[in-house]
Structure formats: C-alpha cells, structure tokens
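To start, the structure itself, in structure tokens.
Protein chains: 2
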Amino acid sequence: MTRAEENYLKALYHLSDHNDAMVSTTELADRLETKPSSATDMLQKLHEKSLVAYTKYKGAKLSSEGRKKASQIVRKHRLWEVFLVDKLNFGWEEVHEIAEQLEHIKSPELVERLDEFLGCPTTDPHGDPIPDQKGHVVTISKSLLADQPVESSTILMGIKDSDADFLTYLSQKGIKLGSCITVLEKEPFDQSMTIEIDGQTLFISKTLSTNIYVQTL
Amino acid sequence: MTRAEENYLKALYHLSDHNDAMVSTTELADRLETKPSSATDMLQKLHEKSLVAYTKYKGAKLSSEGRKKASQIVRKHRLWEVFLVDKLNFGWEEVHEIAEQLEHIKSPELVERLDEFLGCPTTDPHGDPIPDQKGHVVTISKSLLADQPVESSTILMGIKDSDADFLTYLSQKGIKLGSCITVLEKEPFDQSMTIEIDGQTLFISKTLSTNIYVQTL
DNA sequence: ATAAATTTTTAGACTAGACTAAAAATAGTT
DNA sequence: AACTATTTTTAGTCTAGTCTAAAAATTTAT
Ligand SMILES: [Mn+2]
Ligand SMILES: [Mn+2]
Ligand SMILES: [Mn+2]
Ligand SMILES: [Mn+2]
Numbered sequence: 001m002t003r004a005e006e007n008y009l010k011a012l013y014h015l016s017d018h019n020d021a022m023v024s025t026t027e028l029a030d031r032l033e034t035k036p037s038s039a040t041d042m043l044q045k046l047h048e049k050s051l052v053a054y055t056k057y058k059g060a061k062l063s064s065e066g067r068k069k070a071s072q073i074v075r076k077h078r079l080w081e082v083f084l085v086d087k088l089n090f091g092w093e094e095v096h097e098i099a100e101q102l103e104h105i106k107s108p109e110l111v112e113r114l115d116e117f118l119g120c121p122t123t124d125p126h127g128d129p130i131p132d133q134k135g136h137v138v139t140i141s142k143s144l145l146a147d148q149p150v151e152s153s154t155i156l157m158g159i160k161d162s163d164a165d166f167l168t169y170l171s172q173k174g175i176k177l178g179s180c181i182t183v184l185e186k187e188p189f190d191q192s193m194t195i196e197i198d199g200q201t202l203f204i205s206k207t208l209s210t211n212i213y214v215q216t217l
Numbered sequence: 218m219t220r221a222e223e224n225y226l227k228a229l230y231h232l233s234d235h236n237d238a239m240v241s242t243t244e245l246a247d248r249l250e251t252k253p254s255s256a257t258d259m260l261q262k263l264h265e266k267s268l269v270a271y272t273k274y275k276g277a278k279l280s281s282e283g284r285k286k287a288s289q290i291v292r293k294h295r296l297w298e299v300f301l302v303d304k305l306n307f308g309w310e311e312v313h314e315i316a317e318q319l320e321h322i323k324s325p326e327l328v329e330r331l332d333e334f335l336g337c338p339t340t341d342p343h344g345d346p347i348p349d350q351k352g353h354v355v356t357i358s359k360s361l362l363a364d365q366p367v368e369s370s371t372i373l374m375g376i377k378d379s380d381a382d383f384l385t386y387l388s389q390k391g392i393k394l395g396s397c398i399t400v401l402e403k404e405p406f407d408q409s410m411t412i413e414i415d416g417q418t419l420f421i422s423k424t425l426s427t428n429i430y431v432q433t434l
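Residue numbers (the numbering used here), protein chains in the order written: chain A, 1 to 217; chain B, 218 to 434.
Below is the structure:
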C-alpha cells in the first residue's frame, strides 16, 4: 500500500463517521486537499483492490478489509501522537503534522512495541480513542460542552476540531484534557457561556463550546 | 527533497567514505539496487540542485551542501536505531530496515527532541558514529580484529558490514558492542583465529574478523 | 594504435499520482 | 417536463522515478 492509498483510506474512515455512510468524491477531495477527479481515480483503484465499495456517481465507503487497514493507520497516528507528547514533550498542537508522516511507517512489530512502551494508552493527546490491533475502538460517551445546562459540572474529554491554532489558544487559557468545567451562565441569544475551569472564570463563544467534548460527572 | 533524492545522497555519503572520492554510477546503482541509467538521471538532477558535483563519465561526489543534507539523514537514521534498541528493545539486527523509513521523517524539532530523549548518544547500536546537527562526526580510531596480533586484548567497538544475518549470528554467540576480545591464536594459512570473548573461547573465520572493529586497550 | 570489452549516457516507454478541461450524469427549479 | 446548475467522471497532460535497449565514451587488451 502506498502512502497516497493509506491517506485516502484514512480520510474515508474519518468521513464515514463510524456509521459507514457513503462519502462523495468532493467530500473526499476536500478533506485531502486535492481535486474530485483525483479522488475518482483513487476510488476506482481501491475498489479494484476490494478495499472500498464504490459505485459511480453514488459515492464510496470502506469495505471491512479497508476499514481494518484504515484503523491501523489511525492507530499508528494516535500512538505516535502519544509518544510525541508524553515522551518528547511536544505540545498537543505540534504533533498532528509529524504523526501524519509517522503513521506511514511500515512495521507491525514497531507498532506493538511502541504501544507497550507507552503503556497501551486508550486515547491520544486530543482525547480521540486509539483503535486496538483488530481495529476496535472503545467509545467513551461524551457530549458537547455547548449542550451542558447551567450549573452542570463536567470534565474535558476531547477536542472536536484539532486545528493547531485552536489547540494553541486552549493551552494558553490553561484548558487541557481532564480540566474540570462548570457552566456558570449561558447567554440564550448567542449561546456564549461563562464557565469556571480549574478554578478560573472564563467567557467562551459558541464556536469554542461546540468544539469541546465533556463528560458529566 | 524527496525520499529518492535523500536515499541517493545518503548512498553517496557512504560510498565516498569520508575522503570525498568520486563515485561511479554503477557503484551508486548497485548500492541502491537500481540501474545505472536511473542513477545517471538522479545525479543530473542533484547536480542541477547543487547537491552533487557530477561530470559526465567521471562520476559524482557530494557538494558541501549535499554532504550536510546527507549527514542529517544519517544522523536521523542512527538516532532512530538507538531509539529502537534502547527504548523499544529491538535487537540490533532488526532496526536497520525500520530506520531506513524513519530517517525520512521531516521535522527538525523532532530530531533534536529525540536526540535529547536518548541522552545525546554519540554512536548507534552498530558502533557507527552519529553526526551532530552540523554534520560533524567524532571519529574514534578503531582497527580490524583481523589485524590484531596474538595475545592482544581489545574491546569490540563496531561492526563493518551490518548485514542482518551476520548481526544475528554475532548475538547468538554473545558477541556485542563492548565485549572484551583477546586473540589467542592466528592460523597463518587462512587467517582464522581463536579468540577469548567475555570469558568464552571461540574459533572465528577471516570473514568474521575482517568485519569487526576493535579498540586496543 | 586499433580493436574489443566495459561503463556510462541517452532515448523511449512505463506507472503512480496529480491536474485541467470537457463530457456525462444527477439534482434542483420553474 | 424541460431547463439549469451542480456533481462526477473521463480524456488527456504532467512530473518523479524507474526500466530496457541502443548509442556513445572510456578502459583494457592485443
Ligand atoms: Mn498521512
Ligand atoms: Mn489526535
Ligand atoms: Mn531510506
Ligand atoms: Mn546502524
């Protein structure tokens, strides 16, 4: 499998959002910052290889074999992210780009040894679950901070959009995985919130609260 | 820089053997398991980029810029080998293939953090020196075991041909970096030797003794 | 110094992956 | 239902990197 093939499989994995929904060529092309015609080419190739179920004009989804391959890439990506943050002290906003390369290293043995070295983590630095060798993920029920009622106490479990600027902003405010968040106020007209996070009071926009996953205590 | 370009630069680095000797296209092609015509193509390209000094029919050698790039790849290769052996407990015969991939990961920050994480090692698991950020290597004077006189006591400092089968064989015999070797006997007709290594007596062929670097005590 | 053998380069073809432009299919609108 | 707008596919082109076969240069041998 080439790097390009792997990137397409991974994109399909993320876009189908676990409910093996059909993905259109434009969605796929947008995600990979390429053109729909290129996506069509690749989908036809991956269909030939039985990694993708693709029907002209109707979109594509991963085959079970394709999903397994994709989950292995995601597994590697997230394990390397843990390595970079836990062992090399990178910030969570710096690791995605590097993991994007490391995920393509081919060595099953390496993955398992890395996993063990890291203490078999179940989530990556952004709160996303790490698939096991078989591609299974333990899904932790989490809800959006935006949907929490006033007075509720929660713990920050994940970031929806792991954009580097967004992650940097969160770090600056001292917002990180495991932070305790209590909703103090919610403005009905623009859904902005006043929250207490690890003791300090913060005012946050709707954009922010819809990109943060929390777990109710 | 593409992966292929990097592999060509690295091959030139190793073949020119520090004395910036001219390297022929066939040598280069053999090393990279490709054809001379492919090597010619790439040399012309790298010459265009001023990374290689190449003159038709006369061979090629690295420019100072090219040598610097090459040394950075070698640096990465060897640092990753240290990581794999020291942190992930791989055997020294297993790491070359994986490092061959890892050496192409692009992130200067990663290299420096990895270096620090590993305690800034100066040699890799096969006894080869790790170039610093500027491409400088600390050359430790070592000689071939084959050239040692009878009765001399030495320490194993490196392996010349890091072929996986050879490394596995050495491990099986308990031969590793740092082992104390005393030459007990030398047969004049075929240069085979009887040695004492870490207490045990071993009979070794010329092939073996010409692939082991030692330092005299 | 010529001729033969070897090495090196060129020319032409191939694949993976991407792109543009045009054609075909689908979806949306009157 | 027919027309329009959008999406998707096809056709053709491009680059990187490889290969084979042929041509050119160099080296070796006579
Ligand atoms: Mn990737
Ligand atoms: Mn992540
Ligand atoms: Mn390599
Ligand atoms: Mn090595």
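We treat Cβ as the ideally placed atom computed from N, Cα and C, and that holds for glycine. Since the model is a prediction, treat every value here as computed from it, not as a measurement.
Q. Listing by chain order, which chain A residues have their CB less than 7 Å from the CB of SER324(B)?
A. Counting only Cβ-Cβ distances below 7 Å, SER324(B) has contacts in chain A at ILE98, in chain order.
Q) What's the gap between the Cα of ILE98(A) and the Cα of PRO366(B)? A) Straight through space, the alpha carbons of PRO366(B) and ILE98(A) are spaced by roughly 50 Å.
Q: Take LYS377(B) as the anchor and find which of ASP415(B), PRO346(B), PRO405(B) has the nearest alpha-carbon.
A: For LYS377(B), the closest of ASP415(B), PRO346(B), PRO405(B) by C-alpha to C-alpha distance is PRO346(B).
Q | CB-CB length for LEU226(B) against LEU268(B), believed under 8 Å | A | Sure, about 6 Å apart at Cβ, within 8 Å.
Q) Smallest Cα separation from ALA146(A): which of PRO121(A), SER64(A), PHE83(A), LYS206(A)? A) With distances taken between Cα atoms, ALA146(A) lies closest to LYS206(A).
Q. Does the beta carbon of HIS14(A) fall short of 7 Å from some heavy atom of ligand 2?
A. The answer is no for HIS14(A).
Q. Using a C-beta to C-beta distance shorter than 8 Å, which residues of chain B count as neighbours of GLU117(A)?
A. In the sequence as displayed, the identity of residue 117(A) is Phe instead of Glu. Those are LYS304, LEU305, listed as they occur along chain B.
Q | Beta-carbon proximity list for GLY135(A), same chain, < 6 Å, skipping 5 on both sides | A | Contacts found: LYS68, SER71.
Q) Looking at PRO129(A) and ligand 2, is the gap between the Cβ and the nearest heavy atom below 7 Å? A) Not so, every heavy atom of ligand 2 lies at least 7 Å from the Cβ.
Q: List in chain order the residues whose CB is within less than 6 Å of at least one heavy atom of ligand 3.
A: Matched residues: ASN224(B), GLU317(B), GLU320(B), HIS321(B).
(Q) Suppose you measure from the CA of GLU65(A) to the CA of LEU170(A); what does that come to, to the nearest Å? (A) So the alpha carbons of these two residues sit roughly 37 Å apart.
Q.
Using a Cβ distance threshold of 8 Å, determine whether the stretch 301-317 of chain B contacts the stretch 380-400 of chain B, with at least three qualifying pairs required.
A. Counting Cβ pairs under 8 Å, three or more are found: they touch.
Q) Looking at LEU43(A) and ALA248(A), is the spacing between their C-beta atoms short of 8 Å? A) No answer is possible for residue 248(A): the residues shown for chain A start at 1 and end at 217.
Q: Would you check whether ligand 4 has a heavy atom nearer than 7 Å to the C-beta of ARG292(B)?
A: It does not: the Cβ of ARG292(B) is nowhere closer than 7 Å to a heavy atom of ligand 4.
Q.
Can you check which of these residues, GLU368(B), LEU373(B), PHE406(B), ARG295(B), is closest to ASP415(B) by C-alpha distance?
A. The shortest Cα separation from ASP415(B) among GLU368(B), LEU373(B), PHE406(B), ARG295(B) belongs to LEU373(B).
(Q) Does the stretch 320-336 of chain B come into contact with the stretch 81-88 of chain A, if we say contact requires no fewer than three beta-carbon pairs (one atom in each stretch) closer than 8 Å? (A) When C-beta atoms of the stretch 320-336 of chain B are compared with those of the stretch 81-88 of chain A, three or more pairs fall below 8 Å, so the two segments count as touching.
Q) In this structure, what does DSSP give as the bridge partners for LYS186(A)? A) Its beta-bridge partners are MET193(A).
**Q.** Burial state of VAL355(B) (16 or more Cβ within 10 Å)
**A.** VAL355(B) comes out exposed.
Q. With respect to the alpha helix (DSSP H) encompassing PHE383(B), which residues constitute its N-terminal and C-terminal limits?
A. First-last of the alpha helix (DSSP H) with PHE383(B): 381-389.
**Q.** Ordered list of alpha helix (DSSP H) runs contained in the stretch 46-88 of chain A, each at least 4 residues
**A.** Within the stretch 46-88 of chain A, the complete alpha helix (DSSP H) runs of at least 4 residues are 64-82.
Q. Using a Cβ-Cβ distance under 8 Å, would ARG330(B) count as near chain A?
A. Answer yes: the Cβ-Cβ gap between ARG330(B) and chain A drops below 8 Å somewhere.
Q) Under the rule that 16 or more other beta-carbon atoms within 10 Å means buried, what is PHE83(A), buried or exposed? A) It counts as buried.
Q. Secondary structure at PHE307(B), three-state DSSP: helix, strand or coil?
A. PHE307(B) falls in the coil class under three-state DSSP.
Q: Starting from the C-beta of SER360(B), find all residues in its chain whose C-beta is less than 8 Å away, skip the five residues before and the five after it, and write them out in chain order.
A: These residues qualify, in order along the chain: TYR430, VAL431, GLN432, THR433.
Q: Name the residue from ILE181(A), LYS176(A), SER179(A), THR210(A) whose alpha carbon lies nearest to the alpha carbon of SER192(A).
A: The option with the nearest alpha carbon to SER192(A) is THR210(A).
Q | Any non-hydrogen atom of ligand 4 closer than 7 Å to ASP341(B) Cβ | A | Yes; taking the cut-off as 7 Å, the Cβ of ASP341(B) has a heavy atom of ligand 4 nearer than that.
(Q) Below 7 Å on C-beta distance, what does GLN101(A) contact in chain B? (A) Residues of chain B passing the Cβ test: ILE322, LYS323.
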